[in-house]
Amino acid sequence: MSQLLVRDSERIRPPENLATLAAAHGLTVSGARVGLREYSRQLWGRRHFILAFSQAKLTAQYSQAKLGQLWQVATPLLNAAVYFLIFGMLLKSNRGLPNDVYIPFLVTGVFVFTFSQSSAMAGVRAISGNLGLVRALHFPRASLPISFALQQLQQLLFSMIVLAVVLVSFGHFPAPAWLLIVPTLALQFVFNTGLSLIVARLGAKTPDLAQLLPFILRTWMYASGVMFPLARTLEHAGASGWISDAMLANPAAVYMDLMRYALINDYPSSNLPPHVWALALGWAVL
């Protein structure tokens, strides 16, 4: 009888290495890091959630305002009007551009830069602002900043209708060059998604970044030539060659220049930095 009990106890004794047993049955540690390929597969599996979450955020963004979704285009237009008053009329920063070129130049720059600016601002709070969702459900955390970048792309596409009206109003009619906006926006979206992922990670670790980021983005805006022709301004200021090259190669300036070249008839290719498409692609995949 005693020998039978000993054999039974040996049979039900838990193994010394439970991790080996779990691995043998396909179990993994909850929250454990996975490889890039597996993480990408998980993100692809959540693609419907990413799209639905971005659309829900876009719909809810101005749900409390009386004008509702009209603020999607009204906000950048009002910003452009203020910049035109200050930089175009008071400071004469147009550097010789006539109003029928400068106003489309300014509006295009505001819309394109706002795309990157809003993606960064939404991304920095993507994790810290959705802790309830993060703690309640298990999903790839990168889904959140990607959703916010997609939300900003959808908002920009609505704004492009208004931008087209502005362009036509000043004599810049659709042309084959307008097709260049497709690869330009695609590359900028990839860049914005990467930027959103970076600031989301940093914002989750350092919440104070959300307070500092607006000042960084404002400095970036002034350094990118949103309100003035950057190349002409640098030439007028006598900036050294490496400073001019660095400022013209910054991603916001690159994507704005490509959009302006595509949409504005009197914006020649001489305003573009050398190897502009290589720069746009490089910033997107960096």
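So that you can map any letter, position 216 of the sequence shown is 217 in the working numbering, and since no number is skipped, the others follow by simple counting. All C-beta atoms, glycine included, are put in the ideal place defined by N, C-alpha and C.
Whole-number beta carbon distance between V102 and I265, since they are thought to touch under 8 Å: 6 Å
Quick check: what's the CA-CA separation for L107 versus F85? 7 Å
Report back the beta-carbon spacing between M260 and V113 to the nearest angstrom; my notes put them in contact at under 8 Å. 5 Å
Burial state of W243, where buried means 16 or more other Cβ atoms lie within 10 Å: exposed
If contacts are defined as beta-carbon pairs under 8 Å, then A121 and S197 qualify, I think. What distance do you get, rounded to the angstrom? 7 Å
Where V227 falls: helix, strand or coil (DSSP): coil
Whole-number beta carbon distance between A187 and F149, since they are thought to touch under 8 Å: 18 Å between Cβ atoms; not a contact.
Terminal residues of the continuous alpha helix (DSSP H) containing G195? I182 to K206
Judging by CA-CA distance, which residue of A247, N100 and Q153 is the nearest neighbour of T194? Q153
Which residue wins for smallest C-alpha separation from L180, given the options F192, G172 and A165? A165
Write down the C-beta distance between Q155 and S270 rounded to the nearest angstrom, noting that I regard them as a contact closer than 8 Å. About 30 Å; that fails the 8 Å criterion.
Can you confirm whether the segment 81–99 touches the segment 215–231 when touching is taken to mean that 3 or more C-beta pairs between the two stretches lie within less than 8 Å? yes
Report buried or exposed for V7, applying the criterion of at least 16 other Cβ atoms within 10 angstroms of its Cβ. With a pLDDT of only 49 at V7, under the threshold of 50, the placement of this residue in the model should not be trusted, and no figure is reported.
Identify, in the order they occur along the chain, each residue of the same chain with its Cβ nearer than 7 Å to the Cβ of F192, setting aside the five sequence neighbours on each side. P252, W284 and A285
Cutoff 6 Å; reference N73; Cβ partners in own chain excluding five residues on either side: Here residue 73 turns out to be Gln, not Asn, going by the sequence shown. The answer, listed in chain order, is Q156 and F159.
Does DSSP classify V35 as helix, strand or coil? coil
By Cβ distance, which residues of its chain are closer than 6 Å to L249, with the 5 residues on each side in sequence left out? P274
Minimum length 4: unbroken alpha helix (DSSP H) runs contained in the segment 88–161: 100–125 and 132–137
Mind pulling the alpha helix (DSSP H) runs of 4 or more residues that sit fully within the segment 41–71? 48–61
Does any CB atom of chain D fall closer than 8 Å to the CB of A232? Going by chain labels, chain D is absent from the structure shown, which holds only one protein chain.
Beta-carbon proximity check, A178 vs A127, cutoff 8 Å: no
If you run the structure through DSSP and keep just helix, strand and coil, what is F171? coil
Assign K206 to one of two classes, buried (16 or more other C-beta atoms within 10 Å of its C-beta) or exposed (fewer than that). exposed
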